[in-house]
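Quick note, the sequences are listed as chains A and B, same order.
So in the numbering used here, spot 115 of the first sequence is number 295, and the numbers just go up one at a time.
So in the numbering used here, spot 89 of the second sequence is number 151, and the numbers just go up one at a time.
Ideal placement from N, C-alpha and C gives every residue a C-beta, glycine not left out.
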Amino acid sequence: MFTYALRRMLWAMPTMLGVITACYLLLHATPGGPFDSEKQLSAATLANLDAKYHLSEPLWRQYLLYLNALIHGDLGASYRYVDWSVNDLVAKALPVSVGVGGASIPIALILGVSLGVAAAVRRDRWIDRFVMLLGNSGNVVPPFVLGPVLVWIFAIMLKTREGHGWLPAGGWGDGAWSHRLLPIALLVLINVSTIARVMRASMIDVLGSPFIRTARAKGLPPRIVVWRHALKPALMPVVSLLGAISISSITSAVVTESVFSLPGLGQLVVNGAINRDYTLVLGIVVLTTVAAVLFNLFVDLAYALLDPRIRY
Amino acid sequence: MTMMTTITLSPHVLRFSRNRTALLSCAILACVAFACFFGPVWLAQDPSRSDWAALSLPPTLLGGHWFGTDELGRDLFVRTLIGGRVSLEVGLLATLVACSIGVAYGACAGYFGGRIDALMMRVVDIMYAVPYMLIAILMMTLFGRAFYLVVLTISAFSWLDMARVVRGQTLSLRTREFVDAARSIGVSGPMIVVRHIVPNLIGVVVVYATVMAPGIVLTESVLSFLGLGVQEPMTSWGVLIEDGAQKLEAMPWLLLCPAAMLCATLYCIGFVGDALRDALDPREH
């Protein structure tokens, strides 16, 4: 187990380094410098800018300087937001993304697992059909359609007595709960369909296995059989799903923040992309990749810990 | 996953054609594709032409604007068809490109095996861990948003599943007698891959391409929705949905009509993919 953890951690390093290098080279492969398209700058200003951002250095030196800064936690200066470093921008946007995404994952997990278990236990009853329908529609109705539809229903169609919508259509509102409700609901809906479907399938699988028959045979009540005996092994596929969810929730975060105009990381990266703010986009890509790789690492380690049959 | 080595299609075709829902999905897909590619020609209407007598018109069957019009009086039905053209073209092309990469990569990894295989699959594992949407955003930032770049960007991250599936199939194909026979008469490795391995993969590849396609159409729409896909005057379903989401309060049909088209298409492709998989390998379910 320990050597496995060590090996996985050692593999995570070249992964991260590979992504960072690839992104960095991609960035520098594009023709033109970051300040070319600006309005005419004097030669002295350009020289100063080049010196400040090390643009006159050879590529390998710039790359090493970037890596060095990165190790020290510095993502560089934004090319477009004057006087802002990428760190500051990220520090401002991160609480928004975490405040929405972080809340949605536990809710989606609890809801998805409960629905999946309920559907597996009551197969072919209405709850099962509902979960299957939810699972299928999650594949078909994309978040950028579901989000605006939620806004349409809850912020426009349904009105309070004063004539306002039930919930605000967008914006962060300094983190007020009413502003968080719809984005969280959207993220939960996106993930809950997948989790419920996987949970249902694996629970059905586990409920058919011999040790459950034994537990039933010795007269344990169904509730104990399901929750104490079957739940843990049935959760394994959901745990391994978490890695994929962490990657896809980055996409959903980008879409959700765009739908509800939340000033989070997703908005930041899209605006950075549209404004061609290279350091900002690169910084967020690097940060998210590192986070995703680390999260995947933890999921794999947790998997090995949870399932004693797995030997490495 | 069991093997499908000899391509005797008839029982599979038979099994597929017995699936009514899948046939219906195929018919709907054909209608959507036909309407998108020939509808605008037949209607002979410029998608950017304004009907000043019908600004912001809700959908009507009799008024000539089936999906209504936007605030500039542009007919949404024609615009949706034109947008569908781009979405379907990108979906089709990106699926083709992703399949080609995936098949070539997977077949090589599987056939040559050993250390090459381990290394190639490790690269795939690494790419799985990358948040591809952000890389796609980065690539769209750097290389502009021309049509073929959208296709390339999407396919650059969509071939991973295909490579895994193809590799698995190749691993069992390479131990078969006809591969041994080819090797024994001195056919070179790459030639065996091209002439003997890849043709035997076609069934699996077609099925997985259908399974992949909805995701690819979806990725294009997400990029367009974020303003990073194809640019004006080109339009796609993602662009239309984004536009509709902005004007939700006054003109909800601008969102709902293109969204319904997109969802219906995704649903049908998904259904056809499932049915194809069942038809090819009924034991899996």
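Taking every protein chain shown into account, the CB of B/Ala-312 has fewer than 16 other CB atoms within 10 angstroms, so this residue is exposed. Closest in alpha carbon position to B/Leu-138, among B/Thr-327, B/Leu-342, B/Ile-303, B/Asp-336, is B/Ile-303. Nearest to A/Ala-410 by C-alpha distance, out of A/Ala-209, A/Val-368, A/Ile-200, A/Met-379, is A/Met-379. Excluding five sequence positions before and after A/Ser-420, the CB atoms of its chain that fall closer than 8 Å to its own CB belong to Val-479, Tyr-483, given in chain order. Runs of alpha helix (DSSP H) with 4 or more residues, each lying fully within the stretch 194-244 of chain B, are found at 194-205, 209-218, 222-235, listed in chain order. Between B/Thr-281 and B/Val-148, the CB-CB gap reaches or exceeds 8 Å.
Rounded to whole angstroms, the Cβ separation of B/Val-279 and B/Thr-327 is 7 Å, and the two are in contact under 8 Å.
Per the Cβ contact rule, the stretch 103-122 of chain B is not in contact with the stretch 231-247 of chain B (fewer than 3 Cβ pairs under 8 Å). For A/Thr-195, the nearest beta carbon of chain B is closer than 8 Å to its own beta carbon. Of the other Cβ atoms in all chains shown, fewer than 16 fall within 10 Å of the Cβ of B/Pro-73; this residue is therefore exposed. Put simply, the CB of B/Leu-181 is far from chain A, with every gap to its CB atoms at 8 Å or more. Per DSSP, B/Arg-147 is one residue of the alpha helix (DSSP H) stretching across 138-174.
Flagged as an interface residue toward chain A: B/Pro-314, by a C-beta distance shorter than 8 Å. Near chain A, meaning a CB-to-CB distance below 8 Å, no residue of the stretch 87-101 of chain B qualifies. Per DSSP, B/Gln-293 lies in no alpha helix (DSSP H) segment and is marked neither H nor E.
Its Cα nearest to that of B/Gly-230, the residue B/Gly-164 stands out among B/Cys-330, B/Gly-164, B/Ser-110, B/Phe-100. Think of a sphere of 7 Å around the beta carbon of B/Pro-193: the chain A residues whose beta carbon falls inside it are Ile-427, Ile-430, Thr-468, Thr-469, Ala-472, in chain order.
Judged by DSSP in its simplified three-state form, B/Lys-309 adopts coil rather than helix or strand. Residues of chain A whose Cβ lies closer than 7 Å to the Cβ of B/Gly-332 are, in chain order, Asn-319, Val-320. In the structure shown, the three-state DSSP call for A/Ser-222 is coil. Using a CB distance cut-off of 8 Å, A/Ser-438 counts as an interface residue toward chain B. Chain-order list of chain A residues neighbouring B/Glu-282: empty, with the shortest C-beta distance near 11 Å, by a criterion of under 9 Å. Residue environment: A/Ala-424 is assigned as exposed (fewer than 16 neighbouring CB atoms within 10 Å of its CB, all protein chains considered). Note that the C-beta distance between A/Ala-453 and B/Ile-144 is not below 8 Å. Among the CB atoms of chain A, none fall inside 8 Å of the CB of B/Ala-171. Annotated as proximal: B/Cys-319 and B/Thr-142, with beta-carbon spacing under 8 Å. Against B/Thr-203, the close residues of chain A are Ala-453, Arg-456, Val-461, in the order they occur along the chain (beta-carbon pairs closer than 7 Å). Per DSSP, A/Leu-442 is not a residue of any alpha helix (DSSP H), being assigned neither H nor E. Against chain A, the beta carbon of B/Ala-307 has neighbours under 8 Å at Phe-324, Gly-327, Pro-328, Val-331, Val-439, listed in chain order.
When C-alpha distances from A/Thr-468 are compared across A/Asn-455, A/Val-434, A/Asp-457, A/Leu-485, the shortest belongs to A/Val-434. Along the length of the stretch 396-484 of chain A, whole alpha helix (DSSP H) runs at least 4 residues long occupy 411-439, 445-454, reported in chain order. When DSSP states are grouped into helix, strand and coil, A/Ala-257 belongs to the strand group.
DSSP lists no bridge partner for A/Lys-272.
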